[in-house]
Amino acid sequence: VTLSIGEKSKASYKAYFNAGADRYLLRHETSNENHYKLLHPENMSLKNRKQCLFDLKNIGYQVGSGFMVGSPYQTTENLIEDLRFLQQLEPDMIGIGPYLTHNQTPFKDKTNGSFELTLKLISILRLMFPYALIPATTALGTVNPHGRELGLKAGANVVMPNLSPVSVRKLYTLYENKICTGDESAQCRNCLENRVKCAGYNIVTDIGNVKKLKNI
Numbered sequence: 008v009t010l011s012i013g014e015k016s017k018a019s020y021k022a023y024f025n026a027g028a029d030r031y032l033l034r035h036e037t038s039n040e041n042h043y044k045l046l047h048p049e050n051m052s053l054k055n056r057k058q059c060l061f062d063l064k065n066i067g068y069q070v071g072s073g074f075m076v077g078s079p080y081q082t083t084e085n086l087i088e089d090l091r092f093l094q095q096l097e098p099d100m101i102g103i104g105p106y107l108t109h110n111q112t113p114f115k116d117k118t119n120g121s122f123e124l125t126l127k128l129i130s131i132l133r134l135m136f137p138y139a140l141i142p143a144t145t146a147l148g149t150v151n152p153h154g155r156e157l158g159l160k161a162g163a164n165v166v167m168p169n170l171s172p173v174s175v176r177k178l179y180t181l182y183e184n185k186i187c188t189g190d191e192s193a194q195c196r197n198c199l200e201n202r203v204k205c206a207g208y209n210i211v212t213d214i215g216n217v218k219k220l221k222n223i
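For reference, each letter of the sequence shown is one residue, going 8 to 223 in the working numbering.
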């Protein structure tokens, strides 16, 4: 059971774990304090976000973190800090993707993140974390027709079909022109299987726990 419901108290995380949850996704977004403040409301703090991630690890969750590539005001130094923080956290799952704008956000006029830089960072993360689960995200497939296949070839090892009912998918549009919004669940899965085969891989549908020995 995987949860991705944001920052909570350690007691809440423990209660979810005791109820059967065993994975938790919480991107740190950026590990630079000043950059974090530029991206988030005043009532949120990077210190608390990081504490949540370490609380999840201490409880025993398989933890997922990550960041957007090319988010507003991001610098190369910020990305280096992100990689160093991930070295410290040693997450089981690492999700990154290009920043994509949405016309109903304060950053609607900003530039989208770089597809090419995202692929390079996926490759770097694969070298740093040989056993991590790294998705070829829907965002990659949105900005490039072969984005997910190229993500797999760069080092990603997870793809995620959209299994939500078609009737509610448009309520979760994080960015413009998201792919697979109108496909039925079976269509989406069949499409993914064919794309993965074209990239030279086969889909495995087991429970998907990370098989981690030791990351570099």
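A virtual CB, placed ideally from N, CA and C, is assigned to each residue, including glycine.
None of the values given here were measured: they were computed from a predicted structure.
Kindly identify the DSSP beta-bridge partner or partners of residue i.
i: residue 10; result: 31
i: residue 81; result: None; residue 81 has no bridge partner.
i: residue 140; result: 100
i: residue 73; result: 102
i: residue 175; result: BP columns for residue 175 are empty, so no partner.
i: residue 36; result: 74
i: residue 165; result: 142
Rounded C-beta distance between residue i and residue j? I'm assuming under 8 Å.
i: residue 23; j: residue 62; result: Not confirmed; about 12 Å, so no contact.
i: residue 32; j: residue 9; result: 7 Å
i: residue 88; j: residue 38; result: 5 Å
i: residue 121; j: residue 77; result: 5 Å
i: residue 57; j: residue 35; result: 6 Å
Specify, as a first and last residue, the run of the alpha helix (DSSP H) that residue i falls within.
i: residue 62; result: 53-66
i: residue 16; result: First-last for residue 16: undefined, no H or E at that position.
Any heavy atom of the ligand FAD within a distance shorter than 8 Å of the CB on residue i?
i: residue 56; result: As presented, the structure is devoid of all ligands, the ligand FAD included, so that no description of it is given.
contact_flag[the stretch 40-55, the stretch 95-103] where n(CB pairs < 8 Å) is 3 or more: no
Three or more C-beta pairs under 8 Å: does that hold for the stretch 194-208 against the stretch 151-158? yes
Extract the residue ranges of the alpha helix (DSSP H) inside the stretch 107-156, only unbroken runs of 4 or more that lie entirely within it. 122-135 and 145-150
At least three beta-carbon pairs within less than 8 Å, the stretch 101-116 to the stretch 67-76: yes
Please confirm if the stretch 140-152 is in contact with the stretch 160-179, defined as three or more CB-CB distances below 8 Å between the two stretches. yes
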